[in-house]
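**Student:** Numbers 16 to 329, taken from this note's numbering, label the letters of the sequence shown in order.
Every residue gets a Cβ at the ideal spot worked out from N, C-alpha and C, and that includes glycine.
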Amino acid sequence: MPNLKSIRDRIQSVKNTRKITEAMRLVAAAKVRRAQEQVNATRPFAKCLAQVLYGLQNRLKFEDVDLALLKQREVKTVGLLVISGDRGLCGGYNANIIKQAEIRIKELKADGYDYKLILAGRKVAQYYERRKAPIAQTYIGLNQIPTADEASGIADYLLSLFLSETVDRVELIYTKFVSLISSRPVVQTLLPLSPQGLERRDDEIFHLTSKGGHFEVERQAVADQSEDFPRDMIFEQDPTQILEALLPLYLNNQLLRGLQESAASELASRMTAMNNASDNASDLVKSLTLSYNKARQAAITQELSEVVAGANAL
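#1: The alpha helix (DSSP H) that contains Gly325, what's its start and end?
#2: Decide if Arg40 is buried, meaning its Cβ has at least 16 other Cβ atoms within 10 Å, or exposed.
#3: Nearest to Val42 by CA position, among Gln159, Leu270, Arg23, is which residue?
#4: So, for Met16: in the same chain, excluding its five sequence neighbours on each side, which residues have a beta-carbon less than 7 angstroms away from its beta-carbon?
#5: How long is the line joining the alpha carbons of Ser21 and Leu305, rounded to whole angstroms?
#6: Between the stretch 182 to 201 and the stretch 96 to 116, are three or more C-beta pairs nearer than 8 angstroms?
#7: Can you give the beta carbon distance from Tyr108 to Ser280, rounded, assuming they're within the 8 angstroms contact cut?
#8: Can you give the Cα-Cα distance for Leu84 and Asn31, rounded to whole angstroms?
#9: Look at the alpha carbon of Leu68 and the alpha carbon of Arg119, and state the distance between them as a whole number of angstroms.
#10: Under the three-state reduction of DSSP, which class applies to Gly107: helix, strand or coil?
#11: Beta-carbon separation of Leu303 and Ile26 under 8 angstroms?
#12: Can you tell me where the beta strand (DSSP E) with Asp129 in it begins and where it stops?
#13: Excluding sequence positions up to five away, which residues of its chain have a Cβ less than 8 angstroms from the Cβ of Gln211?
#14: What number of angstroms, rounded off, separates the C-alpha of Val300 from the C-alpha of Ser194?
#15: If you run the structure through DSSP and keep just helix, strand and coil, what is Gly156?
#16: Quick one: residues in its chain with C-beta nearer than 6 angstroms to the C-beta of Arg184, no 5 flanking neighbours on either side, listed in chain order?
#17: Tell me the DSSP secondary structure of Ser197 in three-state form.
#18: Whose C-alpha, out of Ser320, Ser28, Leu134, is nearest the C-alpha of Thr153?
#19: Going by Cα to Cα distance, which pick from Glu144, Asp24, Gln269, Ala45 is closest to Ala163?
#20: Secondary structure at Gln87, three-state DSSP: helix, strand or coil?
#21: In or out: Arg146 buried (at least 16 other Cβ within 10 Å) or exposed?
#22: For Thr287, count the other beta carbons within 10 Å of its own beta carbon; 16 or more makes it buried, fewer makes it exposed. Which is it?
#23: Thinking just about the alpha-carbon of each residue, which of Ala328, Lys62, Ala260, Gly106 is nearest to the one in Ala292?
#24: Taking 6 angstroms as the limit between beta carbons, can you name the residues of its chain near Arg33, skipping five residues before and five after?
#25: Do Glu186 and Val201 have their CB atoms nearer than 8 angstroms?
#26: Name the DSSP beta bridge partners of Lys191, please?
#27: Can you check which of these residues, Glu37, Ala148, Gln252, Pro161, is closest to Glu52 by C-alpha distance?
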C-alpha cells in the first residue's frame with residue numbers, strides 16, 4: 016500500500032515547484048513587455064538613419080565609394096558573432112542557436128575558410144570553451160534587456176577585427192523573434208556592408224497583449240517611407256564623409272536589433288517553458304491527489320474490515 020505521508024509530501028513539493036514556475040513565467044512576460052518598449056523606443060532613430068542612408072545611396076553610387084566598411088575583399092577568415100542566453104530554463108532556445116552555429120561552422124570548413132568566434136552569452140561560451148574552439152572574444156553577463164552601450168562595445172570590437180583584416184567577413188547568428196511560441200535562428204552578414212543590406216524593407220512591431228487570461232502577440236507591419244534627397248540639396252560636407260560617419264552607426268543599430276530580437280526570443284521561450292512546466296505540475300498534482308484519495312480509501316476500507324473481523328470473532 017502506498018505511503019500516504021510520502022504522497023502528501025510529494026503533492027506539496029509539486030505545488031511549491033508550480034509556484035516557482037508560475038512566478039518565472041510572469042517575470043518573463045514582464046520582461047518581454049520591456050523588450051517590446053525598447054524596440055519601440057529605438058525605432059525612430061533607426062528609421063531616420065535608414066532614410067539618410069537610403070538618400071545617400073541614391074545620390075552616390077556605393078560601388079564607386081572607397082570606404083573600408085563597404086570594401087569587398089577576398090575572404091580567408093570569417094568572424095562569427097553568436098548570441099545566446101546566460102541562463103537555461105528557456106526550452107530549446109540555447110540548443111537551437113548552438114545548432115545553427117555548428118551548421119555554419121561546418122559549411123565554412125567545407126569551403127576551406129578559417130573562422131573566429133565572438134560569443135555573447137554564457138551558454139554558448141561554455142559550449143565552445145569545452146571544445147577548445149578558436150574564440151576571439153566572449154561577452155558574458157549582458158543585460159537581459161540589451162542597451163545601446165553594450166551593442167556599441169561589441170560593434171567596436173567587430174570593427175577592429177574587420178579593419179585590421181584579422182577577419183575578412185563578419186556574420187551574426189542570432190534568434191529572430193517570431194511569436195511567443197516560435198523563434199528562428201538566422202545568419203546575417205554584418206561586415207562588409209553592402210548596398211543590398213541598406214535597401215528599404217517592411218518591418219514589424221510586436222505587441223504583447225492578454226486576452227481571456229492568456230498572453231498572445233499581435234504584429235503590426237511598419238512600412239519604411241524613405242524618400243530620396245532633393246536633387247538641389249547642397250551638402251556642407253563631402254557626402255562620402257557623411258556616409259563614413261553613418262555606417263558605423265548603422266552597424267551599431269543592426270547589432271542592437273539582433274540583441275533585442277535574441278532577448279525577446281529567450282524571454283518568450285522561457286515564458287512558454289515555464290507555462291508548460293506549470294501545466295505539467297497541475298496535471299501531476301491532480302494525478303497524485305487521485306492516487307492519495309485511492310490509497311486513503313483503501314486504508315479506511317482495510318481498517319473497517321479489521322474492525323468488523325474483530326467484532327465477529329468475539
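**Tutor:** Taking the coordinates as given:
#1: To locate residue 325, count along the sequence shown from 1; it is residue 310. Run containing Gly325: 254 to 328, per the alpha helix (DSSP H) assignment.
#2: Taking the sequence shown and counting its residues from 1, the one referred to as residue 40 is at position 25. Arg40 comes out buried.
#3: Residue numbering aside, residue 42 sits at position 27 when the sequence shown is read from its first letter. For the options Gln159, Leu270, Arg23, the alpha carbon positioned closest to that of Val42 is the one of Gln159.
#4: Within the sequence shown, the letter at position 1 stands for residue 16. A caution first: Met16 carries a pLDDT of 48, below 50, which makes its placement in the model too unreliable to give a value.
#5: Your numbering for residue 21 matches position 6 in the sequence shown. Your numbering for residue 305 matches position 290 in the sequence shown. Their Cα atoms are separated by approximately 14 angstroms.
#6: yes
#7: In the sequence shown, residue 108 corresponds to position 93, counting from 1. In the sequence shown, residue 280 corresponds to position 265, counting from 1. That belief holds up - the Cβ atoms of Tyr108 and Ser280 are roughly 6 angstroms apart, short of 8 angstroms.
#8: If you number the sequence shown from 1, residue 84 lands on position 69. If you number the sequence shown from 1, residue 31 lands on position 16. Going from the Cα of Leu84 to the Cα of Asn31 covers about 54 angstroms.
#9: Mapped onto the sequence shown, residue 68 falls at position 53. Mapped onto the sequence shown, residue 119 falls at position 104. Roughly 30 angstroms between the two C-alpha positions.
#10: In the sequence shown, residue 107 corresponds to position 92, counting from 1. Correct three-state label for Gly107: coil.
#11: Here residue 303 is taken as the residue at index 288 of the sequence shown, counted from 1. Here residue 26 is taken as the residue at index 11 of the sequence shown, counted from 1. Going by C-beta atoms, Leu303 is nearer than 8 angstroms to Ile26.
#12: Here residue 129 refers to the residue found at position 114 when the sequence shown is read from its first residue. Segment 129 to 135, the beta strand (DSSP E) holding Asp129.
#13: Stepping through the sequence shown from its first residue, residue 211 is reached at position 196. At Gln211 the pLDDT is 48, less than 50, meaning the model places this residue with poor confidence and gives no usable figure here.
#14: Start at 1 with the first residue of the sequence shown, and residue 300 comes out as number 285. Start at 1 with the first residue of the sequence shown, and residue 194 comes out as number 179. Distance between the alpha carbons of Val300 and Ser194: 30 angstroms.
#15: On the sequence shown, position 141 is the one that residue 156 refers to. Note: Gly156 maps to coil in three-state DSSP.
#16: Looking up residue 184 in the sequence shown gives position 169. Hits under 6 angstroms: Val90, Val93.
#17: Residue 197 sits at position 182 when you count from the first residue of the sequence shown. Here Ser197 sits in strand by DSSP.
#18: Position 138 of the sequence shown, counted from the first residue, corresponds to residue 153. Among Ser320, Ser28, Leu134, the Cα nearest to that of Thr153 is on Leu134.
#19: Mapped onto the sequence shown, residue 163 falls at position 148. Checked all of Glu144, Asp24, Gln269, Ala45; the closest Cα to Ala163 is Gln269.
#20: Here residue 87 is taken as the residue at index 72 of the sequence shown, counted from 1. Under the three-state reduction of DSSP, Gln87 is assigned to coil, being neither helix nor strand.
#21: Stepping through the sequence shown from its first residue, residue 146 is reached at position 131. Burial state of Arg146 is exposed, judged by a 10 Å Cβ sphere holding fewer than 16 other Cβ atoms.
#22: Numbered from 1 along the sequence shown, position 272 holds the residue referred to as residue 287. That one is buried.
#23: Translated into the one-based positions of the sequence shown, residue 292 becomes position 277. That would be Gly106, whose Cα lies nearest to the Cα of Ala292.
#24: Stepping through the sequence shown from its first residue, residue 33 is reached at position 18. Only Ser293, Ala296 meet the Cβ criterion.
#25: Residue mapping note: residue 186 aligns to position 171 of the sequence shown, counting from 1. Residue mapping note: residue 201 aligns to position 186 of the sequence shown, counting from 1. Cβ atoms of Glu186 and Val201: not closer than 8 angstroms.
#26: Start at 1 with the first residue of the sequence shown, and residue 191 comes out as number 176. In DSSP, Lys191 forms a bridge with Arg199.
#27: Locating residue 52 in the sequence shown gives position 37, where the first residue counts as 1. Of the listed residues, the one whose Cα sits closest to Glu52 is Pro161.
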